[in-house]
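Numbering (my numbering), first residue to last: 71 to 439. For every residue, glycine included, the Cβ atom is placed at its ideal position computed from N, Cα and C.
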């Protein structure tokens, strides 16, 4: 393993798999809220089912274990509500190597979300042991194994190389904004179709953890062949109108006629074959039209990370490549402002966009193995 790569992504807030991401320290996970829970299988093994790879009717053909996981999730909330806890599921999706569930807590509970997920994982693991019995060493009687504590069994499994069902922990996304609940439900329901698209058109969904471009290291996701386009146009928009070299804090730049002219030029260039390059931070840098785009983002692209619905659609059309720069907070201060601030990151990402557009189009990008 590349130690620098591992250390960097760990410092960025996650380990090699999104399911290991640290939960929000400020959240007690007992109070009201809506959560998207993601749990992945150990080593991403396909034990819940397989994709049918039919884009007309995409679905996961569930194994007996996958069917049990589906039922166990529904029963989990029947049990919780029978105890008086006001918590329910708004939807779920069993995938070949992971599980998505949406949880709504309607009233503060006496337990936290982690307890509910732990119990769900425990009953699924028990079923996994029944369907795929572990090979016992040294003639140990299975009834003896069942009398061991959970920790003792885990130690035994680890000592004898028995595969676990799930990776440790789970990933959660908290629903904050109005309308986000509907987006999360749609995201979960659409999971099989997106997975089938990735299986059928892998070139449009490439993932690279370490790619070198214009003297900078990035992680990348999407249509990597957009980098070969010889014509790239930077989309850059000041937040405020500039007058005589000074910011006019009373006038948003995207409201000016000058911006409208620039925007029209960007769109025309894209229609004629250019690839737009932007961090998309300012409102004026964002666009709704489906145009070829290289998007530079602050969020790290960890293993298991996937874009939201709209950007996934753009990947399906081959119109999007997402780049996440390594060590963005160490790229240097701007105008005397520390490099880890949003101000310096904003300017440094725009500087990266400018460098990508200026790079020799005949130069091949370099993927570090």
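Where residue i falls, given that 16 or more other Cβ within 10 Å makes a residue buried
| i | result |
| --- | --- |
| residue 408 | exposed |
| residue 201 | exposed |
| residue 291 | buried |
| residue 320 | exposed |
| residue 126 | exposed |
| residue 414 | buried |
| residue 115 | exposed |
| residue 379 | exposed |
| residue 295 | exposed |
| residue 237 | buried |
| residue 289 | buried |
| residue 119 | buried |
| residue 364 | buried |
Alpha-carbon spacing of residue i relative to residue j, whole angstroms
| i | j | result |
| --- | --- | --- |
| residue 96 | residue 235 | At residue 96, the pLDDT of 48 sits below 50, so the modelled position is not reliable and the matter cannot be decided from this model. |
| residue 91 | residue 331 | Caution applies to residue 91, whose pLDDT of 42 falls short of 50 and renders its modelled position unreliable; the value that the coordinates give is listed next. Roughly 43 Å separates the two Cα atoms. |
| residue 187 | residue 170 | 12 Å |
| residue 111 | residue 341 | 43 Å |
| residue 427 | residue 323 | 23 Å |
| residue 102 | residue 335 | 47 Å |
| residue 355 | residue 347 | Here residue 355 scores only 47 on pLDDT, less than 50, and its place in the model should not be relied on; the value that follows carries that caveat. Going from the Cα of residue 355 to the Cα of residue 347 covers about 10 Å. |
| residue 338 | residue 303 | 11 Å |
| residue 182 | residue 369 | 27 Å |
| residue 218 | residue 276 | 44 Å |
| residue 121 | residue 326 | 49 Å |
| residue 152 | residue 145 | 10 Å |
| residue 376 | residue 227 | 32 Å |
| residue 404 | residue 253 | 36 Å |
| residue 429 | residue 240 | 40 Å |
| residue 300 | residue 387 | 20 Å |
| residue 203 | residue 232 | 10 Å |
| residue 137 | residue 192 | 16 Å |
| residue 190 | residue 344 | 50 Å |
| residue 412 | residue 199 | 49 Å |
| residue 278 | residue 184 | 32 Å |
| residue 177 | residue 258 | 24 Å |
Close-in-space but distant-in-sequence residues of the same chain around residue i (CB under 8 Å, 5 per side omitted)
| i | result |
| --- | --- |
| residue 287 | 280, 281, 395, 396, 397, 438 |
| residue 255 | 160, 161, 172 |
| residue 245 | 103, 104, 105, 106, 251, 254 |
Residues near residue i in its chain [Cβ-Cβ closer than 6 Å; skip 5 each side]
| i | result |
| --- | --- |
| residue 194 | 139, 142 |
| residue 425 | 284 |
| residue 128 | 262, 263, 266 |
| residue 123 | 266, 269 |
| residue 155 | 179 |
| residue 305 | 336, 346, 348, 355 |
| residue 410 | 399 |
Close-in-space but distant-in-sequence residues of the same chain around residue i (CB under 7 Å, 5 per side omitted)
| i | result |
| --- | --- |
| residue 168 | 108, 109, 110, 111 |
| residue 147 | 157, 158, 159 |
| residue 81 | Here residue 81 scores only 42 on pLDDT, less than 50, and its place in the model is too uncertain to base an answer on. |
| residue 134 | 201 |
| residue 224 | none |
Whole-number beta carbon distance between residue j and residue i, since they are thought to touch under 8 Å
| i | j | result |
| --- | --- | --- |
| residue 384 | residue 393 | Not confirmed; about 14 Å, so no contact. |
| residue 242 | residue 105 | 5 Å |
| residue 423 | residue 366 | 6 Å |
| residue 349 | residue 420 | 6 Å |
| residue 175 | residue 132 | The Cβ separation is near 27 Å, so there is no contact. |
Residue i at chain B interface by Cβ criterion, 7 Å
| i | result |
| --- | --- |
| residue 162 | Among the chains of the structure shown, chain B does not appear; only one protein chain is present. |
First and last residue of the uninterrupted beta strand (DSSP E) at residue i
| i | result |
| --- | --- |
| residue 196 | Counting along the chain, residue 196 falls outside any beta strand (DSSP E), though it belongs to the alpha helix (DSSP H) covering 183 to 201. |
| residue 369 | No beta strand (DSSP E) holds residue 369; DSSP gives it neither H nor E. |
| residue 105 | 103 to 110 |
| residue 394 | 390 to 395 |
| residue 346 | 345 to 348 |
| residue 342 | No beta strand (DSSP E) holds residue 342; DSSP gives it neither H nor E. |
| residue 120 | 119 to 121 |
| residue 278 | 276 to 283 |
| residue 175 | 168 to 175 |
Start and end residues, alpha helix (DSSP H) containing residue i
| i | result |
| --- | --- |
| residue 145 | 134 to 152 |
| residue 415 | 412 to 428 |
| residue 237 | First-last for residue 237: undefined, no H or E at that position. |
| residue 324 | Segment: none, residue 324 is in no alpha helix (DSSP H) and carries neither H nor E. |
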